[in-house]
Amino acid sequence: MAVRGKARAYGNIALIKYWGKRDEKNILPMNSSLSLTIECFYTETEVVFDDSLNEDYFYLNDELQDKTTTKKISDFIDLFRKAARINMKATVRSTNYVPTAAGLASSASGFAALAAACNHATRLNLSHRELSMYARRGSGSATRSIYGGFVEWKKGTNEEDSYAVPIDDAKWDIGMVIVIINSKEKKVSSREGMKHTVLTSPFYKAWVETCEKDIKEIKLAIRDRDFERLGLITERNGLMMHATMLGANPPLSYWEPDSVLAMNVVRELRRKGILCYFTMDAGPNVKILCRLSEANIIKNKLKEFFDEEQIIVTGPGPGIVLL
Ligand code: 2P0
C-alpha cells in the first residue's frame, strides 16, 4: 500500500526577526517575529508513504541525500507518522525553485512544503494553524511560510500555542529587491549563530525587549498601510539583530563589504525620495523592502554597482498550495 501527498510553499523574509530560542527541542522562539512571504522562490515536495520500503529516502533537486540530512527529514516525518498512527517509510522528493544560484534555498519553504505534503498524504486534515506548528518543529522560519503576505509567528506560551497567523495579504504595492552578494553556504548556521548570541551577547535582553515593541508597531503600520513606518521599523529591527550578534563573544558577523555597499545605495535612493528599506539575515545578501511599482527604479540603480544576475525583484507570495 502507498499514500501520496504533494505541496508547494514559498520562502519568506523576516521584517521583525527571529533570532534565538527559549526551547531548543520544540523550537520555541524568544520573541514573536513577522515576515513577508515572497513569490520568487519556492519548494515543491512530494512524499510517498509505502509499506514496501525499509527506510526513508530523501531526494533534493533529484539527488539522493546522505544519512545525516535524511535523518532530519525522518525525524520530522515521525511527527506525522505518530499523529496518523502509521509506520510506513517514505520517499521524499523536494525541488527548490530559486532564481539563479541565489543561495536563498531556505529551510522555511522546505519544511513548510514537507509539512503540507505529509498532511496531504496522511489525510490528517490539519488546519493551517496546526500545520504551522508542525512546520515549526522542522525549522523556526518555516512556521511563517504556511501563509502568504505578511505573517506573524506568535511566540506563544508553550508548544501548543506558538504558531503563525496571517496579518495582511500585502497586495498594496509591496515588493522586494534582493541583492545576491554571495550564494555560498554560510560558515555559521542560523541555528548555531542564534544559540551563540543568546548565550553570550549582553545586548540580548535589550533585543528581545525591542522586538516586543517593534512587533506591535509594525502591525499598526501594516493596518494603516503606512509604508514609511513599516520600512523604518524593518530596517532598524534588522540592524539591531546584527548588532546583537556583534555583541556576542566571540563576535559574529554575516556582513561583507558589498552588503554595506548595497545598504548605502538604499540610503542614497531614500535621499532622492524613493521609499526603500534594507534587511539582512544570516548571510551577506541584502533584501530591500519597497513599493513593487518602484522596484525597477531600485534595480536600475543597483545595476551601477552589481551584475544584473545578482538582483532579483519579487512581489508578495501566497500560502501553501496542494499539488
Ligand atoms: C528569521 N532567520 O526570522 C531569522 C532572521 C535568520 C535571520 O529564521 O534553528 O533556519 O531551524 O529554527 O529558521 C533562520 O533560522 O532556524 C531564521 P532554526 P531558521 O527569518
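The sequence shown runs 38 to 360 under my numbering.
Where is the CB? At the ideal position from N, CA and C, for every residue including glycine.
Its Cα nearest to that of L298, the residue V216 stands out among A51, V216, L257. For G212, the uninterrupted beta strand (DSSP E) run begins and ends at 212–216, by DSSP. Counting other Cβ atoms within 10 Å of its Cβ, G310 stays below 16 and is therefore classed as exposed. If you check the C-beta of I325 against ligand 1, you find no heavy atom less than 7 angstroms away. The three-state secondary structure of A285, taken from DSSP, is coil. Under the 8 angstroms Cβ criterion, the segment 149–165 counts as touching the segment 120–136, having at least three qualifying pairs. Cβ atoms of S178 and A46 stay farther apart than 8 angstroms, at about 11 angstroms. Counting the other Cβ atoms within 10 Å of the Cβ of T194 gives fewer than 16, which makes it exposed. Ranking L236, R273, A44 by CA distance to the CA of I252 puts R273 first. The beta carbon of P294 lies closer than 6 angstroms to none in the same chain, with the five residues before and after it left out.
In this model, M231 and M38 are separated by some 42 angstroms (Cα to Cα). Counting other Cβ atoms within 10 Å of its Cβ, N68 reaches 16 or more and is therefore classed as buried.
Assignment of V202 by DSSP, reduced to helix, strand and coil, places it in the strand class.
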